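Participant: Heads up, the sequence shown is in our numbering, so the first residue is 13 and it goes up one at a time.
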Amino acid sequence: MMSGTYIKLSIFFFGLIAIGIASLILFQVFGIGLTCQYKLINGVECKSCGLTRGLSECIKGNFEAANTFNPQSILWMYFLTVQLLFRPFVIVYYWIQPLSFKRQLKKIIILDVFILLVFTLTLIINHG
């Protein structure tokens with residue numbers, strides 16, 4: 013039962029991340045920009061200002077420019093890439109070896125939570 017829920021969540025998150033990265037690529041190709049509503053209302057940049065441009069630069073491999081737009085960009089791109097690789101692995105593993113997957117589910121969830129905790133702690137420590 014729990015493995016089915018975990019797989020559904022993995023498919024959902026994989027789809028969400030894939031749509032997000034595809035959107036970044038489309039924003040870059042068509043020159044679409046997003047305006048920060050926080051900056052419009054308050055007149056100062058929020059902590060995620062420049063993140064879309066930074067992620068777009070990461071996709072192009074221009075990490076120096078990404079860092080100038082928003083220092084969090086590279087960390088976010090790393091996290092999204094890890095998740096984009098991890099989710100399909102989990103889904104395929106479940107599809108190919110369902111019994112083994114169920115036995116290993118606890119370890120897989122621990123690894124998943126560990127990745128998320130490392131990312132979150134790194135984000136908090138480096139960027140407050």
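Glycine is no exception: its CB is placed at the ideal position from the N, C-alpha and C atoms.
Here the structure is a predicted model, which means the values were calculated and not measured.
Is the beta carbon of PHE26 closer than 8 Å to that of PRO110?
Facilitator: Along the sequence shown, one-based indexing puts residue 110 at 98. Along the sequence shown, one-based indexing puts residue 26 at 14. Contact flag unset, no.
Participant: Going by C-alpha distance, which of PHE91, GLN95, THR93, LEU67 is nearest ASN82?
Facilitator: What you label residue 82 is simply residue 70 of the sequence shown in a count that begins at 1. Checking every option, the nearest Cα to that of ASN82 belongs to LEU67.
Participant: Return yes when the Cβ of VAL102 is within less than 8 Å of the Cβ of SER22, no when it is not.
Facilitator: The residue you call residue 22 lines up with position 10 of the sequence shown. The residue you call residue 102 lines up with position 90 of the sequence shown. Going by C-beta atoms, SER22 is nearer than 8 Å to VAL102.
Participant: To the nearest angstrom, report how far apart LYS118 and TYR90 are at their CA atoms.
Facilitator: Taking the first residue of the sequence shown as position 1, residue 118 is located at position 106. Taking the first residue of the sequence shown as position 1, residue 90 is located at position 78. Cα to Cα, LYS118 sits roughly 24 Å from TYR90.
Participant: Is PHE98 closer than 8 Å to ILE71 when the C-beta atoms are compared?
Facilitator: Counted from its first residue, the sequence shown places residue 71 at position 59. Counted from its first residue, the sequence shown places residue 98 at position 86. Cβ atoms of ILE71 and PHE98: not closer than 8 Å.
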